[in-house]
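Numbering (my numbering), first residue to last: 1 to 739.
Reviewing the structure listed below.
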Amino acid sequence: MRVKLLLLVLMIGKTLFSSLFKNWTVYLILFVVSVLAFFQIFFYMNPTKWDMLNCFLPWKFYVGECLQNGNLPLWNPYVNLGAPINADPSSNAWYPVTWLIGYFKGYSVYTIGFELWLHVFLAGIGFYKLCKTLHLSSVLALTGGVAFMLSGLFIGNAQHLPYIISACWLPFVIHYYLKFVQEDSWENVVKASLALFMMLTGGYPAFTFILFYLLIIFFIYYALKKERRKGSLKSLFVKNIAFVGLAILASTVMIVSVYQAMPYISRLESLTVQHALYSPFSPQSFVSFIFPYATTVRLEYFDSDLSMRNAYFGLIPFLLFILGMFIKKKAEVKILFWFGLLCLTAAVGNYLPVREFLYNYIPFMNLFRFPSVFRLFVIIAGVITGLHFLQVVLSGKVSLKKVLLIGTGTSIVALIIVLNYALNFEHFNISKYLSDNLFVVTEEATYWKTIAVQSLFQLFILLCFLVLIWRIKRKTILAYSILVLISFDLIITAQLNAPTTVYYHKWTAQEAENIISAYPKGFPKLDTVSLIENDNSERIGDPFFLNTNIYRKQIGTVGFNSFMFGSYDILRSDYPAFYDELKKNKLLLLSDEIYPIAEMDKFRKDSLFSSKQLFFEQKTLEKLQKGQFLTKNDDFAQLNDFGAFYFEVKTKTSEKQILTLFQKNYPGWTATLNDSPVEIYTSNMNFMSVVLPGGENKVRFEFKNRPVTVSFWVSLVTLLFMASFLVFAHYQKTINQNN
1 MRVKLLLLVL MIGKTLFSSL FKNWTVYLIL FVVSVLAFFQ IFFYMNPTKW DMLNCFLPWK
61 FYVGECLQNG NLPLWNPYVN LGAPINADPS SNAWYPVTWL IGYFKGYSVY TIGFELWLHV
121 FLAGIGFYKL CKTLHLSSVL ALTGGVAFML SGLFIGNAQH LPYIISACWL PFVIHYYLKF
181 VQEDSWENVV KASLALFMML TGGYPAFTFI LFYLLIIFFI YYALKKERRK GSLKSLFVKN
241 IAFVGLAILA STVMIVSVYQ AMPYISRLES LTVQHALYSP FSPQSFVSFI FPYATTVRLE
301 YFDSDLSMRN AYFGLIPFLL FILGMFIKKK AEVKILFWFG LLCLTAAVGN YLPVREFLYN
361 YIPFMNLFRF PSVFRLFVII AGVITGLHFL QVVLSGKVSL KKVLLIGTGT SIVALIIVLN
421 YALNFEHFNI SKYLSDNLFV VTEEATYWKT IAVQSLFQLF ILLCFLVLIW RIKRKTILAY
481 SILVLISFDL IITAQLNAPT TVYYHKWTAQ EAENIISAYP KGFPKLDTVS LIENDNSERI
541 GDPFFLNTNI YRKQIGTVGF NSFMFGSYDI LRSDYPAFYD ELKKNKLLLL SDEIYPIAEM
601 DKFRKDSLFS SKQLFFEQKT LEKLQKGQFL TKNDDFAQLN DFGAFYFEVK TKTSEKQILT
661 LFQKNYPGWT ATLNDSPVEI YTSNMNFMSV VLPGGENKVR FEFKNRPVTV SFWVSLVTLL
721 FMASFLVFAH YQKTINQNN
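Structure representation (structure tokens):
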């Protein structure tokens with residue numbers, strides 16, 4: 001079965017990316033450059049860092065475990081006393097790459113690193129294709145692919161896999177969108193929809209929201225351009241509707257999952273303008289356009305998270321961008337340029353009023369944090385504008401070549417001044433620093449030391465660039481020489497920053513993998529210990545700090561995730577004493593202590609909480625108080641069987657009472673008592689409770705989320721239709737070419 005599925009995926013992949021086999025030399029170069037820049041990850045030398053190991057790896061690990069055991073990834077019981085993993089966009093539960101790796105191989109320290117590198121490599125391909133669509137020459141398009149895939153977002157946000165996934169597929173969306181509006185092609189409509197589907201299911205939503213407005217601008221431009229041509233405007237509308245409609249249908253399972261969870265999630269309720277302005281690409285971070293190494297120093301001066309400061313896309317492309325701002329541009333390049341500048345004003349957060357304005361008045365802009373995400377579109381604009389300028393120079397514009405020479409010479413003088421200031425400011429032995437502190441995280445690094453070090457390197461790059469444009473007359477050789485120089489610059493710069501933001505240099509990948517591979521696979525029997533004991537045992541060893549109950553396969557009350565139930569947040573933050581009492585229980589609780597939820601504040605005031613208390617809404621309480629409950633010391637409830645989506649409990653009680661399972665009550669959970677359906681009541685604002693009669697009983701809690709299951713089949717059928725269409729179109733094109 002797995003072999004057949006893999007063959008089907010390979011066939012579809014060959015069809016979707018058939019150009020890979022036509023332009024293999026270009027992609028080989030992108031492959032080599034991406035491997036050199038990420039060789040510690042590609043060759044499994046070091047593990048990825050921070051959130052990659054402590055958030056995305058455990059979530060994907062669990063998704064893979066579900067798939068390999070024949071289950072859809074619907075519920076994660078191990079962290080925060082249960083959560084619908086299918087509804088968390090960051091889990092990538094519906095992302096095809098997660099399914100392929102999770103089902104065929106399973107997630108590990110090695111595969112999460114491979115997935116990071118894979119998306120960097122694919123990003124280079126996507127940007128190359130976009131540059132070709134914008135009529136850049138092959139060598140300049142290849143240069144663009146290198147500059148984009150090794151840019152500051154891929155290096156700085158390497159720990160944030162959804163960011164990397166979004167940045168990977170975004171150029172594909174723009175490329176295929178421009179192709180289908182320019183060429184009136186249904187094949188490219190479907191490809192654009194597939195790329196957007198990949199963004200929706202795997203990426204960070206903010207990038208999709210911003211892309212939405214860029215595509216609207218392109219749509220308006222082409223609508224105005226086509227309005228005088230008979231039938232073309234109607235065709236444009238139809239294809240745009242199909243583009244969006246197919247992407248939505250393919251993403252139905254993701255959309256339904258998130259929509260179902262929206263009433264429960266605290267993040268959506270509490271995203272204030274202050275949250276939306278948090279961690280900008282501050283003006284202080286603009287230093288990264290020239291000296292990205294300086295952003296690795298931990299300073300409050302940057303007023304931003306370490307991962308959000310880097311927007312480097314190469315010193316030479318940045319110089320070309322500055323010079324290219326002032327020349328005439330093609331319409332598509334002009335749109336990207338001005339949109340990029342607008343995004344720059346939003347990226348700086350509260351340093352300008354733009355981001356707050358977007359939050360208050362523009363749809364979807366109030367749904368995400370981190371203004372720094374806008375910098376991706378600044379990078380795109382910078383690379384494309386700069387390469388467009390270089391293409392104009394290479395076309396023979398003598399006056400612009402003189403401008404480039406003057407700009408390069410001026411930049412060299414400026415760098416010499418900066419280097420001199422940095423060396424005088426720090427008074428340090430730069431040769432000793434270079435021999436002892438490069439390519440590691442070091443306390444020796446300071447702001448001006450890093451600028452001094454990178455100034456030396458940037459001087460070398462600009463001097464080489466000056467010689468190239470001064471001495472080489474043949475345009476093709478000059479273009480390839482610039483490609484090599486820019487690639488060298490970006491690889492070295494990536495390596496300077498990588499120990500800080502990409503990988504842990506203190507641990508090997510094998511050391512990290514050995515820690516988690518020692519734990520059991522599948523869904524083994526749970527330990528019969530208290531919840532707090534499981535919490536206290538969560539640490540399994542560096543570099544793993546969070547969400548480790550997923551590896552240990554034990555249920556705990558803790559977990560690191562921004563996807564948090566509002567009711568659980570209230571329990572932890574507003575009633576910490578009660579929360580601490582509840583953690584003294586095991587997974588199952590038998591209790592006869594029931595109270596109205598309105599009395600929780602009274603119990604908090606008088607410090608009267610105990611571990612056996614159950615608080616219910618008034619309507620629920622009225623139903624429950626019709627019976628008498630009594631718990632005795634010899635009563636027991638034990639877990640008889642357990643899986644990804646069910647808990648089977650055996651109980652023996654003398655009298656009628658309440659059984660509580662410490663998992664959150666959520667649409668899809670059902671309960672049976674001795675194989676007959678019973679009602680689930682929500683206790684303590686979160687958990688599942690059922691009424692037990694006296695005697696021996698069997699209770700089964702089972703998660704069957706029918707809306708999500710149905711929407712999964714809608715998505716799958718849509719994807720099969722799209723893939724079949726592309727396969728047919730590909731072979732039809734092949735037959736026509738052969739004839």
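Built from N, CA and C at the ideal position, the CB exists for glycine as well.
Asked, Found
"Measuring CB atoms only, is the stretch 371 to 379 touching the stretch 277 to 294, in the sense that at least three cross pairs come out at less than 8 Å?", "yes"
"Determine which residues share a DSSP beta bridge with V649 and list them.", "L639, V699"
"In the DSSP output, which residue or residues are listed as bridge partners for A83?", "N76"
"Confirm, please, whether the CB-CB distance from F243 to V173 is below 7 Å.", "no"
"As a quick exercise: from F286, P317, L315, G314, pick the residue whose alpha carbon is nearest that of F302.", "F286"
"Taking the C-alpha atoms as reference points, what is the distance between V699 and F636?", "13 Å"
"Which term fits V514, buried or exposed, when burial requires 16 or more other beta carbons within 10 angstroms of its beta carbon?", "The amino acid occupying residue 514 in the given sequence is Asn; Val does not appear at that position. Per the 10 Å Cβ criterion, exposed."
"To the nearest angstrom, how far is it from the Cα of S235 to the Cα of D184?", "8 Å"
"If I follow the unbroken beta strand (DSSP E) through A671, where does it start and stop?", "669 to 673"
"What is the rounded straight-line gap between the Cα of F21 and the Cα of L136?", "Because F21 carries a pLDDT of 48, less than 50, the predicted location of this residue cannot be relied on, and the following value inherits that uncertainty. Spanning the two alpha carbons is a distance of roughly 20 Å."
"Could you tell me which whole alpha helix (DSSP H) segments of length 4 or greater appear in the stretch 220 to 264?", "232 to 250, 252 to 261"
"Closest by CA to R309, which one among L376, S455, Y221, V398?", "L376"
"Is it buried or exposed for K105, if we count other Cβ within 10 angstroms and need 16 for buried?", "exposed"
"At what residue ranges does the stretch 283 to 346 contain a whole run of the alpha helix (DSSP H), taking only runs of 4 or more?", "315 to 324"
"Between which two residues does the alpha helix (DSSP H) containing K664 stretch?", "Per DSSP, K664 belongs to no alpha helix (DSSP H); it is in the beta strand (DSSP E), 657 to 664."
"If we ignore side chains and look at the alpha-carbon of each, how far apart do V120 and I41 end up?", "12 Å"
"To the nearest whole angstrom, what separates the beta carbons of V63 and P73, a pair I think is in contact under 8 Å?", "4 Å"
"May I have the straight-line CA-CA distance separating L233 from I241, to the nearest angstrom?", "12 Å"
"Report the residue from N92, C168, Y177, Q159 whose alpha carbon sits nearest the alpha carbon of T133.", "Y177"
"Let's test the definition: count the other Cβ atoms within 10 Å of the Cβ of W669 and tell me whether it reaches 16, buried, or not, exposed.", "buried"
"Assuming L67 and G113 form a contact by the criterion Cβ under 8 Å, report the distance between their Cβ atoms to the nearest whole angstrom.", "About 20 Å separates the two Cβ atoms, so there is no contact after all."
"In whole angstroms, what is the alpha-carbon distance linking V333 and A479?", "20 Å"
"Which residue's Cα is closest to the Cα of T408: F460, V139, T450?", "F460"
"Report yes if the CB atom of G202 is closer than 7 Å to the CB atom of N92, and no otherwise.", "yes"
"Quick one: measure Cβ to Cβ for L323 and I380, integer angstroms, because I've assumed they're closer than 8 Å.", "In fact, because the Cβ distance is near 18 Å, the residues do not count as touching under 8 Å."
"For K652, which of V691, K623, Q628 has the nearest alpha-carbon?", "V691"
"Quick check on D290: buried or exposed, where buried means 16 or more other Cβ atoms within 10 Å of its Cβ?", "Note that residue 290 corresponds to Ile in the displayed sequence, not to Asp. That one is buried."
"Considering only C-alpha positions, which residue in the set K584, F563, L590, F609 is nearest to W59?", "F563"
"What is the rounded straight-line gap between the Cα of F428 and the Cα of A452?", "10 Å"
"Less than 7 Å between C-beta atoms, sequence neighbours within five positions excluded: which residues of the same chain meet that for V3?", "For V3, the pLDDT reaches just 49, beneath the cut-off of 50, and the residue's location in the model is therefore unreliable, leaving the point undetermined."
"If I measure Cβ to Cβ from I550 and keep anything under 8 Å in the same chain, skipping five residues before and after, which residues do I get?", "P58, W59, F61, Y62, N76, Y78, V79"
"Would you check if there are 3 or more beta carbon pairs closer than 8 Å linking the stretch 431 to 451 to the stretch 460 to 471?", "no"
"Residues in its own chain within less than 6 Å of F560 by CB, not counting five upstream and five downstream?", "L546, N547"
"Report all residues from its chain with a CB closer than 6 Å to the CB of D569; omit the five preceding and five following residues, and keep chain order.", "S266"
"Counting only runs of 4+ residues fully inside the stretch 351 to 422, write out the alpha helix (DSSP H) ranges in chain order.", "354 to 361, 375 to 394"
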